[in-house]
Every structure is written in structure tokens, then in C-alpha cells.
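A short write-up of the structure that comes next.
Shown next, in the form of C-alpha cells:
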């Protein structure tokens, strides 16, 4: 019962949030509704028994990407979107999105059908330990060590570089200011 | 995350006496999830306000609240309980009750300490008009305080209060705390923009820039503890800090070498900034920005932001205790506490965690009423040039320590928590670990002082003094 309610709520948040984000005129509202959709997706991950993925979804997409998008939105000249019509190029974008979504949906449905067929053969569909942090840690430091390591180094370099760049620009100013 | 769902299901089935309907499920969710949180945090946060005023007064050599006692609230309670009796009999019963010696003394002290002040403040706040400015973005403006409260309250779900008092046991609870407290960032952004006021917008931007920056050292500090303990489960982290013997506190993470002590400092300072407390309150700097992102808020919506702030302060205190100070464990003789009956053990553990939280809470207030506010650029510099490098250094130090310690020993099983492997530190390397970095730091500081005469230029840059 409670599982059904939580699934319905998460799915509704994800779908309705995404639809509204694509259709409202106000840019900031669209960004916030995107956040609602992302939150719903995190709920779906929880429902699928992947708490780690759900937490990472919230940390990365709501705590990071959404805040970045909100910042970018505030630099827009026309946040409320008053008196703006959708440019024609948008139709091509819509077509492309629809095609991609259809492809992904087809792949998903086919994967589901295959998984069902496999289960009929007595095979478990998902390995039992796949969602645990231990299993994810083993995967990240085992099979996927090289990409994980490279991404970590890249992010650390980016972190240090950001500080370094700001420092180089700021130092003369600060010294002039306080001289 | 099955613990909570299981509790809800069980309770709902018990309430309904069979397969539960939506009513039973709603009741169960309220009972398991919402009510304990509110019961726990609301009174503490409300009381935190009066505590803050008394401490501010003590530091500034004033008296603080000193007349409002608990008589009025008590009379209201009497009237509510005896509502069927006529008014004179209610008053007579109340007078008789107040004449009892212990009650009279307690009421006298409540008046002297001004303990009833928060009730009066609360009623005043509830009575205020809820104003939405004309230029405001209505929905965003109205929803922001709720989101701030959600972000402040959700992390409490996974905190272990006692061995048998964890609302939601999950192996990713440390990550859960980071994730849910991040929602406050979005809330402040919404409040800043939705108010339709330039002070609010500037305050909101400052707040978000500050929160995003300080989430980096907080995340790194939590990451260091996770690296040391080898688990993201807060309850397992608490269990791993258990050491048998009289001085249980030797097993606490803060005693495991200088790097974890450094991480504790980084976590505390960054946590202070996450709560937007002075000296990091430049987002609501009243001398520059009226009141920052909550300029336009009034009444209960303003109260929600204030409550979220106090809740977050308590949360930082509880997290400091959980990650570094042994959680709910007693500093001395924890093993004998485990022999007590379960209810007594749970009560004592919860009280111990509360005491540790209160110490951090009081420290935050002391700092607020002692230090002046940082400037914007100083806040950013402290995060990126001091806290992040320190946190990275400690992470590196912890990793090296784990390598040097060579392998792991089976840790102690603690209560119902299974034994987890813990880094093998026999006493000699443990001592070296403390002495070598401290000596190195002393030598470095002395060398720097000798070279630069007095204060190091980095320190001077940090405080913004002229070179």
C-alpha cells in the first residue's frame, strides 16, 4: 500500500514536473519545476531499492546542477518570458527530443521483455547486491577503476584550478583596494 | 531504506486490525515519521531562542528576558483542561495549585529567568499578518519557507539517537544528510527571487554562494570520516567508535590522530557557515541588506525560516557528535551502560547525545555574540583557501594513515551492531601520528614567523589587512 502510494507520488512528480517545466513561460518557474521532476526521479530510485542512487541524484542534480541553472536563469534578460514566442527552431528541438525519447522507451521496453523472459527461465533479473554501497564501491574501485580515477582527478584539478584562476585575477585588485 | 517502511506497515496493520486502508496508513506515517520529529525538535528550537537571548545578555552584561514567567501559559492550560467548570472554580483551582510551594518556587524562577518569553514571542508571531508584496512571485514566495523547513528537518530521520532509536536505518545515511540539507539552498534562492525586492535578491544570492561554497568542505569532512570508518551508515560509524574499558572516549574518531581532529574543526566552521550564523551572516546583514532573503517575510513564514535556522544549528551539533564524538555513547564506562535495561539505556543515550549537541549549540552562540561579521570576500576566501585545502590535506593524511596502519583488526561488536573491521593502530604509531604532525606544525609556524616577522602574509591576506 505505502509502496504503491510512494510510487504513484514519485512518478506523478517526475512526469508532471517535467511536462510543466517544458510548458511554463517563466524561466525561473521552469527551472524550479525541473527540480520537482528530478526529486520525483529520486523517489523512483528509492522505490527501485537504490537509496544510494537516490541520494546521489539529489546531491548532484538538485544541490548542484539545479542551483547552477537557477544562477544562470537570473542572468537572463527576460525571466518572466512576457511577450515571447517560441522560435521555429524549437520545433526541431522538440522533434529531436521526441525521437530520442521514443528510442530510449523502445530500448527500455525491449530490455524489460528480455528480463521477463529471463526470469521465466528461472534466472534472477537483478543480482541481489547491486544496490548496496559495498557492491557499488567494489565496482567503482574494481572494474570501473580507470574512469572513476580519471573523473576524480579531473574534478580535483578543476577545483584547484578554479581557485587558482580567481586568485590570479583578484590579487592585484585586493592589494590595490587595501593599499 | 526498509526500516521506516516496515515500521509504518506494521503500525498501519495494527491500527486497522487487518490490511490497512489509506486512513490507517496516513495515521501510521504521521505517528512514525512526523510526530516524533516535531515533538523532538520544535520545543528544543523554541527553547533555543530564549537560551540565545539569555546568553547574548550574559555576554553583553545585560539581564535579558526577566519578567515573562510561565504563569500565563499555565493558566491557559488549566482553563483548557477544566473547560467544563465555571470560571470561578477554574481560577480557584489555579490559585490553589500555584500556592503549592514547589510550584510557587518554580514559577518565581521562571519569571526571574524570563522563561515564558518564547510563548509570548510565538503568540505575537502567529498573530502577525501574512504579507505577500505586490511585486512578489506569489507561489515561489509562499513555498520557499516550507522547503527550508523540509531541508532542515529531513536529515534528522537518519540520525541515531540511541541504539534502538533510529527512525530510518540505511547504509547511505551520511549521504542522505548531505542530500536533504542541500534543499535549503534552493529554498533560499526561491525566497530571494520570489520576494521581488533587491535586498532580498542580493541576500539570497549571497546566501546561495556561501552555502554552495561551504558544502565542499562539509562534504570533504564527511568523506574523511567515511574513509576512516569504511561505511556511510551513521549508526555503524557510531558503533565503530566504541572502545571497551573505562575511558570509552579514547575510541572516538576525534582521538584517532590529528587529521580527524582537523576535520572536526573544518566541519564545525563550515557547519557554522551552513547555518548562516554570525560571523557568517552576511546574507542577512542587517546593516547592509535590511534582512537579506527574509526581508519581506512576516508572521509564520518568517518564523519558519527562524525555526529552520535553529533546527540546522542543532543538526550540525548532532552531526559533530555523531561523526567525531562517539554519537550517543558515554565518554566514560559505555560498556556498563549497555548492561542497563533497554528503556533506561535508550533514555541515557538520547540524553548524552542531547548534551553533546547542546555543547556545540552553546559554542555557536558564544561565537555569534563574540565575533564581528565577515565580509563577502573574506567568507569566500575562508572556504576556498583555508577550509578546502585543510580538508584535502586531512583526507590525504587519513588515506596515508590507513596505508601505514597496514590492514585492519576486527573491531568490537557494539550492542546489536556487528563488529566492523577498524584500522589497526597499536599505541606506538598512534603516538607518532600525534607527535610528528604537531611538531612539524610548530616548526613550520616558528620558521614562518622568523621569516616574516610576526604574522604570515597568508594570514594577513585572509583578514584583508594591507600587505
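Chains as they are written, first to last, in the working numbering: chain A, 1 to 179; chain B, 180 to 646.
Just so it is clear, CB atoms sit at the ideal spot from N, CA and C, and this is done for glycine as well.
- Contiguous beta strand (DSSP E) elements confined to the region 41-122 of chain A do not occur, taking only those with 3 or more residues.
- Legend: CB atoms of the region 341-360 of chain B lying less than 8 Å from CB atoms of chain A belong to residues 349, 350, 351, 354, 355, 357, 358, 359.
- In the three-state scheme derived from DSSP, where H, G and I count as helix and E and B as strand, residue 312 of chain B is classed as coil.
- Looking at the backbone, the Cα of residue 506 of chain B and that of residue 401 of chain B are separated by about 14 Å.
- Remark: three or more beta-carbon pairs, one from each stretch, lie closer than 8 Å, so the region 235-253 of chain B and the region 294-301 of chain B are flagged as touching.
- Unbroken alpha helix (DSSP H) stretches of 4 residues or longer found wholly inside the region 391-427 of chain B: 413-419, given in chain order.
- Residue 74 of chain A has its alpha-carbon roughly 33 Å from the corresponding atom of residue 150 of chain A.
- The Cβ-Cβ distance between residue 423 of chain B and residue 342 of chain B does not fall below 8 Å.
- A Cβ of chain B is located within less than 8 Å of the beta carbon of residue 66 of chain A.
- For residue 339 of chain B, the enclosing beta strand (DSSP E) has its first and last residue at 339-341.
- In the three-state reduction of the DSSP assignment, residue 325 of chain B falls in the helix class, which pools H, G and I.
- The straight-line gap separating the alpha-carbon atoms of residue 427 of chain B and residue 520 of chain B is approximately 20 Å.
- A distance below 6 Å between beta-carbons, with the five flanking residues on each side excluded, links residue 250 of chain B to the following residues of its chain, in chain order: 286.
- Within chain B, the residues 365 have their CB atoms less than 8 Å from the CB of residue 35 of chain A, given in chain order.
- Interface annotation, residue 391 of chain B: in contact with chain A, CB-CB separation under 8 Å.
- In this structure, residue 548 of chain B keeps its C-beta atom at 8 Å or more from the C-beta atom of residue 229 of chain B.
- No Cβ of chain B is located within less than 8 Å of the beta carbon of residue 153 of chain A.
- In summary, residue 262 of chain B is exposed, with fewer than 16 beta-carbon neighbours lying within 10 Å of its beta-carbon over all protein chains present.
- Residue pairing by DSSP places residue 593 of chain B opposite B:596 in a beta bridge.
- Identification of chain B residues near residue 133 of chain A by a Cβ-Cβ cut-off of 9 Å yields 350, 351, 354, 410, 411, 412, ordered along the chain.
- Per DSSP, the continuous alpha helix (DSSP H) segment holding residue 284 of chain B begins and ends at 280-292.
- Exclusion of the five residues before and after residue 477 of chain B leaves 307, 310 as the residues of its chain whose Cβ lies within less than 6 Å of its Cβ.
- An exposed status is given to residue 556 of chain B, since fewer than 16 other beta-carbon atoms sit within 10 Å of its beta-carbon.
- Residue state for residue 344 of chain B is assigned as strand, using DSSP reduced to three classes.
- The Cβ-Cβ distance between residue 312 of chain B and residue 375 of chain B falls below 8 Å.
- From the listed residues B:191, B:472, B:540, the smallest Cα separation to residue 500 of chain B is found for B:540.
- For residue 359 of chain B against residue 333 of chain B, the beta-carbon gap comes to about 4 Å, under 8 Å, which counts as contact.
- In terms of beta-carbon proximity, residue 565 of chain B stays away from the interface with chain A, with every pair separated by 8 Å or more.
- Classified as exposed, residue 597 of chain B has fewer than 16 neighbouring CB atoms from the shown chains inside 10 Å of its CB.
- Think of a sphere of 7 Å around the beta carbon of residue 69 of chain A: no beta carbon from chain B falls inside it, the nearest being about 10 Å out.
- The beta-carbon separation of residue 276 of chain B and residue 282 of chain B, rounded to 6 Å, stays under the 8 Å limit for a contact.
- Proximity of chain A to residue 368 of chain B at the Cβ level (cut-off 8 Å) is accounted for by 67, 70, in chain order.
- Its chain contains 73, 76, 79, 81 as the residues whose beta carbon lies nearer than 7 Å to that of residue 27 of chain A, once the 5 sequence neighbours on both sides are disregarded; these appear in chain order.
- Rounded to whole angstroms, the gap between the alpha carbons of residue 69 of chain A and residue 132 of chain A is 31 Å.
- Residue 153 of chain A and residue 146 of chain A have their C-alpha atoms spaced approximately 11 Å apart.
- Pairing residue 543 of chain B with residue 451 of chain B gives a Cβ-Cβ distance under 8 Å.
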